[in-house]
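A quick write-up on the structure given underneath.
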Amino acid sequence: MQPRCKYKTAVEFWPPRKFRWTPVELWRFFVKLFILNLLAFPPLSSKAPSMTRHVLLLFLIVGPTLFAADRSLDGNPELANYFENEVTKLEQQNSLLKYKTLEEWEQAKPKLRADLFDMLGMNPLPERTPLDVKITGTVEHEDFIVEKLHFQSMPGLYVTGNFYRPKKIEERLPTVLYVCGHARVRDGDISFGNKAGYQHHGAWFARNGYTCLTIDTIQLGEILGIHHGTYRHNRWWWNSRGYSPAGVEAWNCMRALDYLETRPEVDKERFGVTGRSGGGAYSWWISALDDRIKCAIPVAGITNLRNHVVDGCVEGHCDCMYMVNTYRWDYAKVAALVAPRPLLISNSDKDSIFPLEGVVAVHREVRHIYDLYEKPRQLGLHITEGPHKDTQELRIHAFRWLNRWLKNDEGLISITAEKLFEPAQLKVFETLPADERVTSIDEDFAPQSQPADARHLKRILDHQKEWTEQSLADLKNQSFAAWPKDSELPTTEAVTESKPLKLSKQILNGDQSAQGMRLHFESQASVPLFVDVIVPVGSDAGEGDLQSKISDLKAVKLVILNDQQWNNYKQQCLAEADSKAEGDDIAAEIKEHIKSGSAVAVFCPRGVGPHAWTGDERKQIQIRRRFQLIGTTADAMRVWDIRSALSLLRAQSPKLQNVVVEGEGTSGWLALTAILFSGDGVEGQFSKLNTTRDEFPIYLNASRTLAPADFVALALRKSRVRIDKSDKDLSQFIDKLANNDRWTGQR
1 MQPRCKYKTA VEFWPPRKFR WTPVELWRFF VKLFILNLLA FPPLSSKAPS
51 MTRHVLLLFL IVGPTLFAAD RSLDGNPELA NYFENEVTKL EQQNSLLKYK
101 TLEEWEQAKP KLRADLFDML GMNPLPERTP LDVKITGTVE HEDFIVEKLH
151 FQSMPGLYVT GNFYRPKKIE ERLPTVLYVC GHARVRDGDI SFGNKAGYQH
201 HGAWFARNGY TCLTIDTIQL GEILGIHHGT YRHNRWWWNS RGYSPAGVEA
251 WNCMRALDYL ETRPEVDKER FGVTGRSGGG AYSWWISALD DRIKCAIPVA
301 GITNLRNHVV DGCVEGHCDC MYMVNTYRWD YAKVAALVAP RPLLISNSDK
351 DSIFPLEGVV AVHREVRHIY DLYEKPRQLG LHITEGPHKD TQELRIHAFR
401 WLNRWLKNDE GLISITAEKL FEPAQLKVFE TLPADERVTS IDEDFAPQSQ
451 PADARHLKRI LDHQKEWTEQ SLADLKNQSF AAWPKDSELP TTEAVTESKP
501 LKLSKQILNG DQSAQGMRLH FESQASVPLF VDVIVPVGSD AGEGDLQSKI
551 SDLKAVKLVI LNDQQWNNYK QQCLAEADSK AEGDDIAAEI KEHIKSGSAV
601 AVFCPRGVGP HAWTGDERKQ IQIRRRFQLI GTTADAMRVW DIRSALSLLR
651 AQSPKLQNVV VEGEGTSGWL ALTAILFSGD GVEGQFSKLN TTRDEFPIYL
701 NASRTLAPAD FVALALRKSR VRIDKSDKDL SQFIDKLANN DRWTGQR
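For the record, in the sequence shown the residue sitting at position 738 is 738 according to my numbering, with numbers rising by one throughout.
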């Protein structure tokens, strides 16, 4: 009898990001410190540092209470209300109860599955290239054999795994694809892969009449890729590309099934899948996408949109847990795609990142679909006591569910799941392959736009009208689906308050006097904003004259400010902070317009300047991630805000014939994008437009089909646009386009 392995999945004592603790990580640190304190100084020891111990104990007691609110948006009540409103709306739109008959559901299902493929970056589906399977060694137990292997789901996209099979096989066996959660199993710089942390599952299956393939993830496998793109690495361009590591994990699962179908031991008509935490999520992806899965037990891998966005569970999850939510789904819709195949939704009752209420809500919705199929017995809900942890109670029911549906066996479980090997025994690679793409797969997994070169220029010129219409439609459907209807753009009635501005001497000194009005409005419910309108007036003009002046405006320049420009504007132009600020001389620019008799409007969209959200860098990241979960981005909604400001100005000044929108850098790109959807009579004046990932706005899926230069080309199709001091390649491309005799847009 081989001795049981004493090794436990490694948990790093220090956080992986040096000196950047989250509150939960800090609390865990104190837990470990308290335990070490007890080990070093037994309670009865006279040397025990009682004061230190009391402090540590206090942290242990109050820590969970203090940190429970860490995921909230209490410091941003309007923003919290906004997300509440959006989630409530999406809950109503996504309710599975709207499917009244099985026929209605069956008609909708193919489109829903295609949409999920799209949201996972697999539209079109990647090519099924040769897997190039290599078995690098075996490990033997008295009951079973483990084959250490790797395959390539794409050329260079290596998937490392362990294939568990009984020693004695007389017929093809039911087979489980086990997908691993976020177990960090390593020795120094050597990663053994999270498959080593979940080895006890594969061993149990092989000892109980199954074959089982346990595969590593791209983040915590033997080759260490990235799941935390937006969570930790500021890879917001993942949103623009329509990329999520969830798509790669789903693709690796599909290719794993392709491989298993070639194995002589495997009954390909009896595939099951299970996994916990991250593995629970990947179980959902593969089960929803691939009907080859006949039985699924996703463990601690799903809850509803409300838990993630409103309750803040997103702050505890990396990006592999989420599709790019282009079509604005709630997560019960993913689960429903498994129906009517046997599905056990399994979770613990004290799981802080998959709360009980959300899990039960998902089950309630999905149960309706199983009822339509008249197969309620094939859906189960399994809730155990405990936290977010791989517990025996969770495992036992998963084993029994698989036995029931893949082996027609209702017997009791007599063998426990145990770790039997040292992690190094299960390692596949001696040396990591030089041609691996695991660490760079985010660069090319999802489709991306063509470069702005001569061939692309020709495509635009050859099909100008069709290209424009298709591009705008793609943006509306793929990037800006979260916008309200155009009929909801603000009108005169949208002004909630108007206040005269106290302008600084820098604005008032000169031949031409000026007055300003601050118009408060809501771009959406719970999104309060304001636009400052500054107009040239006579020195004796009163407030009534100002209202009349605004109403009679025929032209205005709308300046979109970033954070620094807002600070400059506040310090230079408003009387309460009448001091010279560093940077752009906003006052001089406004004064020049006033001197020429022109009006100026100044505006900051949500999350910028006076509307900035409170919270540290980490909280700002998690706010942005909430937007992506409801099928949009903060930048996309800022474009809507600019459109709202334009609409409000037109309503306040019905005689307006010309509006020039101005901005620089990212604000300039936002303003330019707003022009695309703002009707006629809007021109643009932009500077410092750079095309790098960090400076171009983040719009869902936009860079799949459009390069930054395409946005300028689209603007030129309808408006006069001037660009200064911008990216050289961008300027050259636009010059070539505008100066081409075939170009029918503005020049």
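A virtual CB, placed ideally from N, CA and C, is assigned to each residue, including glycine.
So which of the options has the shortest CA-CA distance to residue i?
{"i": "A612", "options": "I642, I630, N325, W566", "result": "W566"}
{"i": "V248", "options": "W640, V159, P166, K195", "result": "V159"}
{"i": "G386", "options": "I415, I286, S352", "result": "S352"}
{"i": "T88", "options": "I190, D311, H233", "result": "D311"}
{"i": "E91", "options": "G663, H227, T303, K375", "result": "T303"}
{"i": "S523", "options": "L646, V556, E410, Q152", "result": "L646"}
{"i": "V559", "options": "S551, I550, L553, Y569", "result": "Y569"}
{"i": "I383", "options": "S731, H397, L125", "result": "H397"}
{"i": "N239", "options": "L412, G121, E497, G597", "result": "G121"}
{"i": "Y327", "options": "A587, D584, A481, P126", "result": "A481"}
{"i": "S346", "options": "P110, I413, R276, Y331", "result": "R276"}
{"i": "R395", "options": "L503, K736, E662, Y198", "result": "Y198"}
{"i": "L700", "options": "K458, D474, C212, P245", "result": "D474"}
{"i": "D74", "options": "H141, E683, K619", "result": "K619"}
{"i": "Q628", "options": "W236, A300, A108", "result": "W236"}
{"i": "D330", "options": "L372, A361, Q506", "result": "A361"}
In angstroms, rounded to a whole number, what distance separates the CA positions of residue i and residue j?
{"i": "T614", "j": "H593", "result": "34 Å"}
{"i": "E265", "j": "F271", "result": "12 Å"}
{"i": "A707", "j": "R184", "result": "38 Å"}
{"i": "W284", "j": "H388", "result": "18 Å"}
{"i": "L66", "j": "E78", "result": "Summary for L66: the model assigns pLDDT 47, below 50, so the residue's position carries little reliability, and this model does not support an answer."}
{"i": "Q448", "j": "P155", "result": "18 Å"}
{"i": "I218", "j": "K98", "result": "38 Å"}
{"i": "I642", "j": "K100", "result": "41 Å"}
{"i": "A452", "j": "F711", "result": "11 Å"}
{"i": "K134", "j": "D442", "result": "25 Å"}
{"i": "L278", "j": "A575", "result": "Correcting the residue identity first, residue 278 is Gly in this sequence and not Leu. Between G278 and A575, the C-alpha separation is close to 54 Å."}
{"i": "L224", "j": "D189", "result": "10 Å"}
{"i": "A738", "j": "S731", "result": "10 Å"}
{"i": "I623", "j": "F421", "result": "42 Å"}
{"i": "R186", "j": "D349", "result": "30 Å"}
{"i": "L546", "j": "I630", "result": "41 Å"}
{"i": "D216", "j": "M321", "result": "16 Å"}
{"i": "G193", "j": "F151", "result": "15 Å"}
{"i": "H368", "j": "L305", "result": "18 Å"}
Quickly, what does DSSP pair residue i with across the bridge? List them, please.
{"i": "S348", "result": "T384"}
{"i": "C180", "result": "BP columns for C180 are empty, so no partner."}
{"i": "L213", "result": "F163, L177"}
{"i": "L553", "result": "Note: L553 sits in no beta bridge, so no partner."}
{"i": "D532", "result": "R518, V602"}
{"i": "P500", "result": "M517"}
{"i": "S687", "result": "E664, D724"}
{"i": "H150", "result": "K134, T160"}
Once the 5 residues before and after residue i are set aside, which same chain residues still bring their CB inside 8 Å of it?
{"i": "T138", "result": "I145, V146, E147, K148"}
{"i": "S287", "result": "V273, I293, A296, P298, L337, V338, R341, L343"}
{"i": "A525", "result": "N81, Y82, N85"}
{"i": "V495", "result": "L519, H520, F521, L648, Q652"}
{"i": "A69", "result": "Because the pLDDT of A69 is 45, which lies under 50, any placement of that residue in the model is unreliable, and the question is left without a value."}
{"i": "N123", "result": "A114, F117, P447"}
{"i": "A246", "result": "L120, A281, Y282, W285, D319, C320, M321, Y322, M323"}
{"i": "T439", "result": "I223, L224, G225, I226"}
Spatial neighbours of residue i within its chain, please: C-beta separation below 6 Å, excluding the five flanking residues on both sides.
{"i": "K728", "result": "none"}
{"i": "R625", "result": "T230, V314"}
{"i": "G745", "result": "L716, R717"}
{"i": "T491", "result": "A651"}
{"i": "R17", "result": "At R17, the pLDDT of 38 sits below 50, so the modelled position is not reliable; the number obtained from the coordinates is stated separately. No residues qualify anywhere along the chain."}
{"i": "G316", "result": "I353"}
{"i": "Q425", "result": "V139"}
Might you give, ordered along the chain, the residues of its own chain that have their beta carbon closer than 7 Å to the beta carbon of residue i, omitting 5 neighbours on each side?
{"i": "L261", "result": "The identity of residue 261 in the sequence shown is Glu, whereas the question assumes Leu. Excluding sequence neighbours, E261 sits near K268."}
{"i": "T468", "result": "L714, R717"}
{"i": "S678", "result": "R643, L646"}
Inset, instruction - Decide yes or no for the touch test of the region 253 to 265 against the region 333 to 344: beta carbon pairs closer than 8 Å, at least 3 of them. - result: Between the region 253 to 265 and the region 333 to 344, the count of C-beta pairs closer than 8 Å stays below three; the two stretches do not touch.
Legend entry - Touching by the beta-carbon criterion (3+ pairs, under 8 Å), the region 399 to 414 and the region 285 to 298: Yes, since at least three Cβ pairs between the region 399 to 414 and the region 285 to 298 fall closer than 8 Å, the two stretches touch.
Inset, instruction - Give a yes or no on contact between the region 626 to 638 and the region 585 to 601, applying the rule of three or more CB pairs nearer than 8 Å. - result: At 8 Å Cβ cutoff, the stretches do not touch.
Inset, instruction - Would you check if there are 3 or more beta carbon pairs closer than 8 Å linking the region 680 to 693 to the region 482 to 499? - result: Short answer: they don't touch.
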